[in-house]
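Novice: Let me begin by handing over the structure; questions about it come next.
Chains as they are written, first to last, in the working numbering: chain V, 26 to 129; chain G, 175 to 673.
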């Protein structure tokens with residue numbers, strides 16, 4: 026389990042930024058990655074002050090006012106038409122959104 | 175100028191009354207608004223899009239409705255400017271981002287449907303910081319918005335254009351969105367009334383999402399009563415927003431003018447410390463003293479987790495944003511990169527589209543948000559921040575055991591100069607220090623003008639109340655407004671020529 030210093034204090038360098046950018050589907054240039062590394066390092070250092078707050082036995086907040094949102098009935102309702110849904114597409118083919126090929 | 179004109183003193187309620195009574199037409203009110211936009215928007219860049227013919231067609235339809243003897247809605251003939259994060263069917267809606275340049279939503283947001291049902295006029299789309307990330311409009315992909323009070327200064331953000339439009343009397347009211355202060359801070363910096371409702375009070379359906387557990391749509395207006403009326407129209411349960419609260423509708427306007435004698439005002443000592451401009455502090459304390467003279471009981475309160483609000487917010491909001499902005503990938507709408515391998519490979523298309531389409535601040539926040547959610551860091555950062563959020567909420571719960579509203583400054587400084595804080599993201603984040611806590615707690619809060627600085631820059635009084643208690647908040651705000659020297663001030667730019 027984590028010790029008294031809960032925040033691991035990572036090294037926010039170009040490599041980490043490029044890794045995170047890949048997770049976020051952002052193609053950054055190396056210059057961008059360097060710049061963001063510097064800025065993000067400062068911001069992360071700032072948020073690490075949260076480490077000092079005693080949150081033992083404190084429940085996290087996911088929603089401010091209710092414990093659990095009520096469910097609705099599982100019934101079909103009118104929604105966006107096919108035509109409307111495709112109306113803003115960069116490329117349409119065969120009644121769907123056309124994209125470059127990919128292999129999984 | 176007609177009282178009921180946008181540049182007159184009547185505001186939202188005056189215009190609606192005059193249109194309903196036939197003293198003026200929706201068309202002439204709309205023409206006056208369009209005229210004011212034509213005069214000042216080139217310089218201010220409050221509006222990104224003004225569908226002139228569409229607005230006039232709406233106005234004529236309302237005038238025809240009246241001529242047929244039909245009852246008109248509570249916002250009859252009232253032009254409303256709409257923040258560009260809110261979807262209006264068939265009108266370019268970009269969230270001030272290149273990644274959505276030219277996007278025309280195939281549907282209206284719920285709030286737009288409600289405005290239309292109340293016979294309001296959808297006037298145009300206003301500038302903002304890209305994806306609501308910012309406090310100055312300097313993150314907009316479509317240029318900055320200038321503060322009508324001093325064109326070298328920012329009107330604040332992220333609802334920059336919505337605030338400037340009302341301050342410059344291009345519209346008597348507008349819609350903004352508030353995630354960490356994006357309605358209240360620009361209202362404060364532009365001398366307008368700006369209100370963030372209780373979380374869940376107003377539907378987010380059709381609001382381009384930034385941080386789903388924090389975002390709320392709310393009104394700007396020239397006066398408290400006008401903001402209250404717009405809120406009454408916007409509020410209500412919406413089955414299309416799963417976080418929308420099922421609570422009865424309320425007439426918020428009825429709270430305006432209610433006696434505040436005996437109401438207890440909490441003044442948090444943490445909000446009056448270093449970093450607060452002395453003139454801002456003086457003006458806000460002056461407003462609180464006047465409320466005391468009106469019969470309120472003023473008590474110091476302590477909110478010990480206030481200093482963690484900025485850090486908590488920037489972990490949670492960026493995490494949520496990284497998830498919400500994943501949908502902008504070039505597939506279904508908006509920008510699609512076809513540059514090099516983006517034309518041949520799906521993942522390259524995603525990466526290059528997003529790199530080309532998002533501005534620097536948006537990228538910064540997506541990176542930070544992705545980082546705090548990633549394996550190995552999730553518990554230490556994201557989950558930790560969620561727990562500190564609980565402590566911030568408890569600060570409010572404890573304070574509200576002894577007081578009915580909490581009053582403080584809305585911004586630590588008056589409007590800063592454009593360019594002053596662009597090089598330091600963290601300095602920019604600290605602008606929101608007084609507005610963030612109410613967002614994290616989900617309670618309603620608003621900014622109402624108080625005495626300006628000696629240089630003539632607006633200052634705002636921030637009033638927060640218990641969840642679901644907008645009525646008490648509005649009663650206090652309107653009681654202050656009745657005594658406020660700032661209530662009838664307009665920027666010199668829009669003051670009518672004497673003579």
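Backbone N, C-alpha and C define an ideal beta-carbon position, used for all residues, glycine too.
By a C-beta neighbour count over all protein chains shown, 10 Å radius and 16 as the cutoff for buried, is residue 322 of chain G buried or exposed?
Specialist: Buried, since its Cβ has 16 or more Cβ neighbours within 10 Å.
Novice: Using 8 Å as the threshold, is the stretch 325-332 of chain G in touch with the stretch 280-294 of chain G, meaning 3 or more CB pairs across them?
Specialist: Counting Cβ pairs under 8 Å, fewer than three are found: no touch.
Novice: Can you list, in chain order, the residues of its chain with a C-beta nearer than 8 Å to that of residue 40 of chain V? Leave out the 5 residues immediately preceding and following it.
Specialist: Cβ within range, chain order: n/a, list empty.
Novice: My understanding is that residue 573 of chain G touches residue 477 of chain G, with C-beta atoms under 8 Å, so please give their C-beta distance in whole angstroms.
Specialist: The pair is a contact, with the Cβ atoms about 6 Å apart (cut-off 8 Å).
Novice: Figure out for me which residue from G:541, G:570, G:510 and G:397 has the closest Cα to the Cα of residue 441 of chain G.
Specialist: Among G:541, G:570, G:510 and G:397, the Cα nearest to that of residue 441 of chain G belongs to G:570.
Novice: Name, please, each residue of chain G whose Cβ falls closer than 9 Å to the Cβ of residue 88 of chain V.
Specialist: Chain G residues near residue 88 of chain V: 373, 374, 387, 417 and 616.
Novice: Under a CB-based cut-off of 8 Å, is residue 496 of chain G close to chain V?
Specialist: Yes, residue 496 of chain G counts as interfacial toward chain V.
Novice: With a cut-off of 8 Å, do at least 3 Cβ pairs link the stretch 641-655 of chain G to the stretch 617-624 of chain G?
Specialist: As far as the Cβ criterion goes, the stretch 641-655 of chain G touches the stretch 617-624 of chain G, which means the pair count is three or higher.
Novice: Between residue 67 of chain V and chain G, is there a C-beta pair that is closer than 8 Å?
Specialist: So, interface residue.
Novice: Give me the Cα-Cα distance between residue 113 of chain V and residue 429 of chain G, rounded to the nearest whole angstrom.
Specialist: Approximately 44 Å, taken between the alpha carbons.
Novice: Please compile the residues from chain V whose C-beta is within a distance smaller than 9 Å of the C-beta of residue 208 of chain G.
Specialist: Simply none; closest approach about 27 Å.
Novice: Can you say whether residue 118 of chain V is buried or exposed, counting buried as having 16 or more other CB atoms within 10 angstroms of its CB?
Specialist: Residue 118 of chain V is exposed by the Cβ-count criterion.
Novice: The beta strand (DSSP E) with residue 636 of chain G in it runs from where to where?
Specialist: Taken as a continuous stretch (DSSP letters only), the beta strand (DSSP E) holding residue 636 of chain G covers 633-639.
Novice: Quick check: the Cα distance between residue 583 of chain G and residue 369 of chain G, rounded to an integer number of angstroms?
Specialist: Cα to Cα, the separation comes out at about 14 Å.
Novice: Hey, is the stretch 580-598 of chain G in contact with the stretch 355-369 of chain G, meaning 3+ C-beta pairs nearer than 8 Å?
Specialist: Yes, the stretch 580-598 of chain G touches the stretch 355-369 of chain G.
Novice: I need the straight-line Cα distance from residue 553 of chain G to residue 208 of chain G, nearest angstrom please.
Specialist: Going by the C-alpha atoms only, they are around 52 Å apart.
Novice: Which one of G:540, G:343 and G:487 has the shortest CA to CA distance from residue 73 of chain V?
Specialist: Out of G:540, G:343 and G:487, G:487 has the C-alpha closest to the C-alpha of residue 73 of chain V.
Novice: Could you give the first and the last residue of the continuous beta strand (DSSP E) run that contains residue 349 of chain G?
Specialist: Per DSSP, residue 349 of chain G belongs to the beta strand (DSSP E) from 347-352.
Novice: What are the complete alpha helix (DSSP H) segments, minimum 4 residues, inside the stretch 45-129 of chain V?
Specialist: Listed in chain order, the complete alpha helix (DSSP H) runs (minimum 4 residues) inside the stretch 45-129 of chain V are 55-72 and 107-111.
Novice: Going along chain V in order, which residues have a C-beta closer than 8 Å to the C-beta of residue 560 of chain G?
Specialist: Chain V residues near residue 560 of chain G: 85, 86 and 87.
Novice: From residue 121 of chain V to residue 605 of chain G, what does the alpha carbon distance come to, in whole angstroms?
Specialist: Answer to the nearest angstrom: the Cα atoms are 45 Å apart.
Novice: Of the choices V:85, V:58 and V:115, whose alpha-carbon is the least far from that of residue 529 of chain G?
Specialist: Ranking V:85, V:58 and V:115 by Cα distance to residue 529 of chain G puts V:58 first.
Novice: Against residue 272 of chain G, what residues of chain V qualify as contacts under a CB-to-CB distance less than 9 Å, listed in chain order?
Specialist: None at all; the shortest Cβ gap to chain V is about 14 Å.
Novice: Classify residue 425 of chain G: buried if its beta carbon has 16 or more other beta carbons within 10 angstroms, exposed otherwise.
Specialist: With fewer than 16 other Cβ atoms within 10 Å, it is exposed.
Novice: Mind checking who residue 221 of chain G pairs with in its DSSP beta bridge?
Specialist: In DSSP, residue 221 of chain G forms a bridge with G:300.
Novice: In three-state DSSP terms, what is residue 252 of chain G?
Specialist: In the structure shown, residue 252 of chain G sits in coil (DSSP, three-state: anything other than H, G, I, E or B).
Novice: Count the other C-beta atoms from every protein chain shown that fall within 10 angstroms of the C-beta of residue 673 of chain G, then say buried if there are 16 or more, exposed otherwise.
Specialist: In this predicted model, residue 673 of chain G has a pLDDT of only 40, less than 50, meaning its place in the structure is not dependable; the value taken from the coordinates is given anyway. So residue 673 of chain G ends up on the exposed side.
Novice: Throw me the rounded Cβ distance for the residue 404 of chain G and residue 395 of chain G pair, which I believe falls under 8 Å.
Specialist: Confirmed, Cβ separation roughly 6 Å.
Novice: Taking the beta strand (DSSP E) that residue 624 of chain G belongs to, which residues open and close that run?
Specialist: Here the beta strand (DSSP E) through residue 624 of chain G covers 619-624.
Novice: Given that a residue counts as buried once 16 or more other Cβ atoms are within 10 Å of its Cβ, and exposed if not, what is residue 508 of chain G?
Specialist: That one is buried.
Novice: Do you know offhand how far residue 522 of chain G's Cα is from residue 43 of chain V's?
Specialist: Residue 522 of chain G and residue 43 of chain V: Cα-Cα distance of roughly 15 Å.
Novice: Considering only heavy atoms of the ligand NAP, does any lie closer than 7 Å to the CB of residue 483 of chain G?
Specialist: In the structure shown, the ligand NAP is absent, as is every other ligand, since no ligand is present at all.
Novice: Does the distance from the C-beta atom of residue 577 of chain G to that of residue 480 of chain G stay below 8 Å?
Specialist: No. Outside cutoff.
Novice: I think residue 261 of chain G touches residue 268 of chain G, with their Cβ atoms under 8 Å apart; what is that distance to the nearest whole Å?
Specialist: About 11 Å separates the two Cβ atoms, so there is no contact after all.
Novice: Counting only C-beta atoms, is residue 28 of chain V closer than 8 Å to chain G at any point?
Specialist: Confidence is the limiting factor: at residue 28 of chain V the pLDDT is only 37, short of 50, which leaves the residue's position unreliable and the question unanswerable from this model.
Novice: Extract the residue ranges of the beta strand (DSSP E) inside the stretch 543-588 of chain G, only unbroken runs of 3 or more that lie entirely within it.
Specialist: You should have 579-583.
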